[in-house]
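*Asks:*
2 protein chains.
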Amino acid sequence: MNLSEMSRDELLSFRDEALSRYNDFKAQGLSLNMSRGNPCKEQLELSVSMLDVFDDGDFVSENGIDVRNYGMLDGIPEAKKLFSDMIGVDSDEVIIFGNSSLNAMFWTVQTAFNKGVLGSTPWGKLDKVKFLCPVPGYDRHFKVTEFFGIEMINIPMTAEGPDMDLIEELVAKDESIKGIWCVPQYSNPDGISYSDDTVRRFASLKPAAKDFRIFWDNAYCIHHLTDSPKYILNILDEAKKVGNENIVYIFGSTSKITFPGAGVAVMGASRENVEALKKFLGISIISYDKMNQLRHVKFFESFEHMKDHMKKHMAIIAPKFRLVCDKLSKEIAPLGIGEWTDPEGGYFVSFNALSGCAKRIVKLCSEAGVTLTGAGATFPYGVDPDDRNIRLAPTYPPIEDLEKAMDLFTICVKLASAEKLLGEK
Amino acid sequence: MNLSEMSRDELLSFRDEALSRYNDFKAQGLSLNMSRGNPCKEQLELSVSMLDVFDDGDFVSENGIDVRNYGMLDGIPEAKKLFSDMIGVDSDEVIIFGNSSLNAMFWTVQTAFNKGVLGSTPWGKLDKVKFLCPVPGYDRHFKVTEFFGIEMINIPMTAEGPDMDLIEELVAKDESIKGIWCVPQYSNPDGISYSDDTVRRFASLKPAAKDFRIFWDNAYCIHHLTDSPKYILNILDEAKKVGNENIVYIFGSTSKITFPGAGVAVMGASRENVEALKKFLGISIISYDKMNQLRHVKFFESFEHMKDHMKKHMAIIAPKFRLVCDKLSKEIAPLGIGEWTDPEGGYFVSFNALSGCAKRIVKLCSEAGVTLTGAGATFPYGVDPDDRNIRLAPTYPPIEDLEKAMDLFTICVKLASAEKLLGEK
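Chains as they are written, first to last, in my numbering: chain H, 1 to 425; chain R, 426 to 850.
1) Locate the alpha helix (DSSP H) running through valine 838 of chain R, then write down its first and last residues.
2) Given this structure, state the Cα-to-Cα distance separating glycine 541 of chain R from valine 534 of chain R, to the nearest angstrom.
3) From this set, R:Ser429, R:Asn524, R:Asn777, R:Val596, which residue's C-alpha is nearest arginine 720 of chain R's C-alpha?
4) Hey, does serine 31 of chain H have any beta-carbon neighbour from chain R nearer than 8 Å?
5) Please name the residue, chosen from H:Gly369, H:Asp342, H:Lys327, H:Thr341, that lies closest to lysine 414 of chain H on a Cα-to-Cα basis.
6) Would you verify that the beta carbon of tyrosine 451 of chain H is, or is not, closer than 8 Å to some beta carbon of chain R?
7) Please identify the residue among R:Ser526, R:Met459, R:Glu435 whose C-alpha is closest to the C-alpha of isoleucine 285 of chain H.
8) For the candidate residues R:Thr798, R:Phe776, R:Tyr821, whose alpha-carbon lies nearest to that of aspartate 615 of chain R?
9) Which value, in whole angstroms, describes the spacing of the CA atoms of alanine 644 of chain R and histidine 223 of chain H?
10) In terms of DSSP beta bridges, what is proline 394 of chain H paired with?
11) Look at isoleucine 682 of chain R and methionine 735 of chain R and say whether their C-beta atoms are less than 8 Å apart.
12) Cutting at 6 Å between CB atoms, please list the residues of its own chain near asparagine 659 of chain R, excluding the five before and the five after it.
13) Return the chain-ordered list of same chain residues with a C-beta closer than 6 Å to the C-beta of aspartate 642 of chain R, the five sequence neighbours on each side being excluded.
14) Going by DSSP, what residue range makes up the beta strand (DSSP E) through threonine 254 of chain H?
15) Going along the chain, which residues of its own chain have a beta-carbon closer than 7 Å to the beta-carbon of valine 242 of chain H, five neighbours each way excluded?
16) Does DSSP classify valine 560 of chain R as helix, strand or coil?
17) Please report the straight-line C-alpha distance between aspartate 481 of chain R and phenylalanine 299 of chain H, rounded to a whole angstrom.
18) Identify whether glutamate 245 of chain H lies in helix, strand or coil by the three-state DSSP scheme.
19) Taking the runs of the beta strand (DSSP E) that are 3 residues or longer, which of them lie wholly in the segment 331 to 386 of chain H?
20) Out of curiosity, what's the CA-to-CA distance linking proline 547 of chain R and proline 685 of chain R?
21) Using 8 Å as the limit for Cβ to Cβ distance, is glycine 64 of chain H near chain R?
22) Does DSSP classify lysine 732 of chain R as helix, strand or coil?
23) Does threonine 158 of chain H come out as helix, strand or coil in the three-state DSSP assignment?
24) Give me the Cα-Cα distance between asparagine 458 of chain R and leucine 827 of chain R, rounded to the nearest whole angstrom.
25) Please decide whether asparagine 218 of chain H counts as near chain R, where near means a Cβ-Cβ distance under 8 Å.
26) Buried or exposed for serine 355 of chain H, going by 16 or more other Cβ atoms inside 10 Å?
27) Give me the Cα-Cα distance between leucine 444 of chain R and lysine 788 of chain R, rounded to the nearest whole angstrom.
28) Between aspartate 510 of chain R and the rest of its own chain, which residues show a CB-CB distance below 7 Å, the 5 nearest in sequence each way excluded?
29) What separation, rounded to the nearest whole angstrom, lies between the Cα atoms of threonine 820 of chain R and tyrosine 563 of chain R?
30) Quick check: what's the CA-CA separation for alanine 701 of chain R versus tryptophan 765 of chain R?
31) Is it the case that the Cβ atoms of proline 654 of chain R and glycine 770 of chain R are separated by a distance below 8 Å?
32) If you reduce the DSSP assignment to three classes, tell me which class glutamate 62 of chain H lands in.
33) So, is the C-beta of asparagine 613 of chain R closer than 8 Å to a C-beta in chain H?
34) Determine the DSSP secondary structure at cysteine 221 of chain H, reduced to helix, strand or coil.
35) Counting only runs that start and end within the segment 616 to 644 of chain R, where is the beta strand (DSSP E) found for 3 or more residues in a row?
36) Which of the three DSSP states is assigned to alanine 104 of chain H in this structure?
Shown next, in the form of structure tokens:
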């Protein structure tokens with residue numbers, strides 16, 4: 001029965017039942033963390049043999065450079081090849097960074113702030129800089145733009161990606177809009193993959209600001225949860241078709257392919273963008289960790305093998321996503337007190353509670369020992385205007401723990417929803 | 426005979442002899458690089474067994490965190506212990522960074538630009554920001570300040586370190602002076618270690634700008650070239666004694682201890698500075714490479730072992746420094762056409778030619794196949810006002826190559842000096 005159709009007495013009884021079960025959980029003294037998209041131990045084990053690749057004593061890159069020494073600022077050639085295949089660009093359209101694509105994005109925004117974009121006025125010299133932020137989105141993107149004092153404008157997501165009508169309208173008329181954050185495949189947190197039409201419209205954007213850039217964080221480009229994955233269109237290819245290839249910066253990493261703290265990050269863009277950025281790269285660093293680049297290349301050998309490797313990840317984590325969605329379908333769907341995505345890839349399940357309930361649910365879970373991503377985190381400035389989105393990260397806990405956490409979560413959703421409908425909270 | 430005391434005929438004959446020998450060299454088609462302070466292959470081999478430390482399958486930090494995953498933004502505890510010992514601070518006075526101390530310095534300046542220092546006005550909001558730059562100095566320091574549009578003021582070096590009278594006078598009266606670049610031990614390129622008096626005067630500085638910071642790049646803290654090394658005074662300890670502990674940011678790395686591209690960088694500062702900086706650290710990165718941190722800790726085990734390890738480096742490179750200084754003593758000293766340091770540590774020999782000769786010497790060497798650091802590079806904006814300083818980096822070439830390179834170098838010094846005295850160039 002839909003909760004909104006219950007009588008007050010039925011609701012009170014439902015609330016009491018939920019509260020009683022909640023208190024039982026609380027007494028168990030759980031301590032589980034579902035706050036971040038961390039791979040689990042079994043996933044980390046998949047790449048451990050990568051640490052043996054230098055047993056052959058060969059540290060020389062294919063261009064003859066010893067990767068243990070300084071040099072090769074933008075990456076060794078074989079890493080450029082492998083990771084350009086991964087993000088769908090040519091090997092002279094990439095820069096290989098350190099262990100963090102977030103750091104590469106931060107650096108790119110910062111460079112625009114200090115030096116502009118292809119000769120434009122440095123963003124730091126402008127009175128106002130704005131970014132479009134599809135919501136819900138990735139909290140760490142928003143923190144970067146917030147750090148630089150960039151005004152963030154929420155853009156609603158649809159099943160096909162961000163609202164392109166609104167984006168086209170805004171960028172055409174407002175020259176202070178300099179960028180947009182996108183996670184185009186298996187978006188964080190909704191798990192939405194942008195439709196072909198959405199990608200083409202992004203590729204064809206004609207912003208008033210010539211230094212507008214799409215920050216295309218393709219973090220989950222090969223992070224599928226099904227055997228028949230759908231790939232999004234290649235935005236750089238589409239942009240080239242319409243002579244707009246400077247519009248996009250593409251990012252990716254192996255953080256959720258090999259090791260979250262010790263992977264390799266990559267950026268792809270038009271040759272003109274890459275050449276311009278490379279001029280500033282050497283100011284902040286002499287070279288990135290090329291040993292780790294070669295370690296990855298020796299381990300994977302080819303992009304095909306990398307995709308095979310991802311099937312092993314899928315085998316470990318797909319059952320966890322299934323469990324989350326099954327629990328929600330069974331416990332929440334019949335009550336009409338929440339909506340969610342059933343993602344085909346990525347790292348999250350995005351749950352939308354009744355309006356005004358997200359913070360309460362996260363707090364209830366926390367008080368019973370299960371840490372979720374903070375409510376509001378998926379919105380700029382941490383403010384979810386409807387207080388309803390909660391990002392669930394199923395990958396890290398063992399499946400037994402995840403089951404307990406989801407049992408608790410569904411009870412908290414029920415309790416908070418009943419309280420809300422009763423006008424109590 | 427001193428070249429300046431020669432008659433014109435003697436000079437002409439000297440010049441012709443040097444030119445003839447120079448042309449012989451040119452005909453050999455050399456191709457040697459002495460431009461950067463790169464360790465040589467034998468040095469890189471010293472740390473290769475570090476790659477086996479995870480054969481035990483143990484990836485757990487002493488606080489129970491799996492270093493392969495996200496987290497531990499400011500470093501794992503055992504790395505904090507090891508590297509705080511290295512730079513002489515307590516283990517809660519450090520941040521462990523990625524593979525590059527330059528990157529840590531860049532980030533620190535950038536954070537001051539965007540967020541100020543302990544609540545001060547962000548440097549980016551000020552009309553003018555200036556840095557003091559002891560010269561000759563490290564080119565990459567100067568590139569960082571130049572990137573941010575910081576005006577750089579040359580400070581002469583003395584045998585005890587930078588001219589402290591001048592520094593004290595300038596910082597006391599000019600609030601726009603926000604920092605100074607220092608390489609206090611075995612300075613780059615002079616190899617000068619700051620005297621106790623210099624360190625104490627730095628520690629006691631009372632700048633007009635409350636957000637003035639000493640960027641204390643202790644890159645060569647244990648990089649000795651003698652068996653009885655002298656350590657400089659600990660600046661943070663000295664600053665604490667006079668209640669001035671927020672004045673300094675200390676940097677170091679293992680780039681020239683383990684691997685230049687795959688080492689670990691560290692920053693040390695007062696707890697107040699460290700806590701303030703940590704608030705911003707997580708904006709630009711989720712975590713640094715903790716696997717590499719643990720790799721280093723497992724390999725070294727203690728700071729004492731690290732110092733033992735440095736003796737192996739010394740055994741490889743000290744003979745190269747000796748060769749450089751011997752060649753200069755034999756070929757240049759009697760002619761009075763150059764001065765240099767005989768460093769007790771670090772990575773460079775700083776050679777001062779006759780005024781107006783440095784560019785010519787570097788060009789002559791380059792045209793005969795030996796690449797040196799560009800003349801002027803050791804000064805802000807690449808401008809050596811006297812055009813006399815040349816940084817020699819002896820570590821990388823095999824000693825046979827180094828001998829050839831130094832033979833060529835001394836010939837080029839002779840040729841350029843004779844040309845100069847003849848009024849030809």
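Ideal Cβ placement from N, Cα and C applies to all residues, glycine included.
*Replies:* In this structure, then:
1) Counting along the chain, the alpha helix (DSSP H) containing valine 838 of chain R begins and ends at 824 to 846.
2) Those two C-alpha atoms are separated by around 9 Å.
3) Checked all of R:Ser429, R:Asn524, R:Asn777, R:Val596; the closest Cα to arginine 720 of chain R is R:Asn524.
4) It does not; no Cβ of chain R falls within 8 Å.
5) Residue nearest to lysine 414 of chain H within the set H:Gly369, H:Asp342, H:Lys327, H:Thr341 is H:Lys327 (criterion: CA-CA distance).
6) Outside the shown range of chain H (1 to 425) lies residue 451 of chain H, about which nothing can therefore be said.
7) The shortest Cα separation from isoleucine 285 of chain H among R:Ser526, R:Met459, R:Glu435 belongs to R:Ser526.
8) Ranking R:Thr798, R:Phe776, R:Tyr821 by CA distance to the CA of aspartate 615 of chain R puts R:Phe776 first.
9) Whole-angstrom Cα-Cα distance: 41 Å.
10) DSSP, once it has assigned bridges, lists no residue as partnering proline 394 of chain H.
11) Closer than 8 Å, so yes.
12) By the criterion of a C-beta distance shorter than 6 Å, asparagine 659 of chain R is surrounded in its chain by Gly513, once the five residues flanking it on both sides are discounted.
13) Excluding five sequence positions before and after aspartate 642 of chain R, the CB atoms of its chain that fall closer than 6 Å to its own CB belong to Val608, Phe676, given in chain order.
14) Neither: threonine 254 of chain H is in no beta strand (DSSP E) and is coded neither H nor E.
15) Excluding positions up to five away in sequence, the list reads Ala203, Ser204.
16) If DSSP states are grouped into helix, strand and coil, valine 560 of chain R belongs with the strands.
17) Going from the Cα of aspartate 481 of chain R to the Cα of phenylalanine 299 of chain H covers about 19 Å.
18) Here glutamate 245 of chain H sits in helix by DSSP.
19) Taken in chain order, the whole beta strand (DSSP E) runs of length 3 or more contained in the segment 331 to 386 of chain H are 338 to 340, 349 to 353, 370 to 372.
20) If you draw a straight line from the Cα of proline 547 of chain R to the Cα of proline 685 of chain R, it comes to about 32 Å.
21) Not flagged as an interface residue toward chain R: glycine 64 of chain H, since no C-beta distance is shorter than 8 Å.
22) Residue state for lysine 732 of chain R is assigned as helix, using DSSP reduced to three classes.
23) In the structure shown, threonine 158 of chain H falls within a strand segment according to DSSP collapsed to helix, strand and coil.
24) Approximately 9 Å between the Cα atoms of the pair.
25) Chain R contact via Cβ: absent.
26) With fewer than 16 other Cβ atoms within 10 Å, it is exposed.
27) So the two alpha carbons sit approximately 14 Å from each other.
28) Cβ within range, chain order: Phe728.
29) So the alpha carbons of these two residues sit roughly 17 Å apart.
30) Rounded to the nearest angstrom, the two C-alpha atoms are 42 Å apart.
31) The answer is yes: Cβ separation under 8 Å.
32) Of the three classes helix, strand and coil, the one that applies to glutamate 62 of chain H here is coil, per DSSP.
33) Contact with chain H is absent for asparagine 613 of chain R, since none of that chain's Cβ atoms lies less than 8 Å from the residue's Cβ.
34) Looking at cysteine 221 of chain H - three-state DSSP - the assignment turns out to be coil, as it is neither helix nor strand.
35) If we require 3 residues or more, the beta strand (DSSP E) runs fully inside the segment 616 to 644 of chain R come out as 638 to 642.
36) The DSSP-derived three-state label of alanine 104 of chain H is helix.
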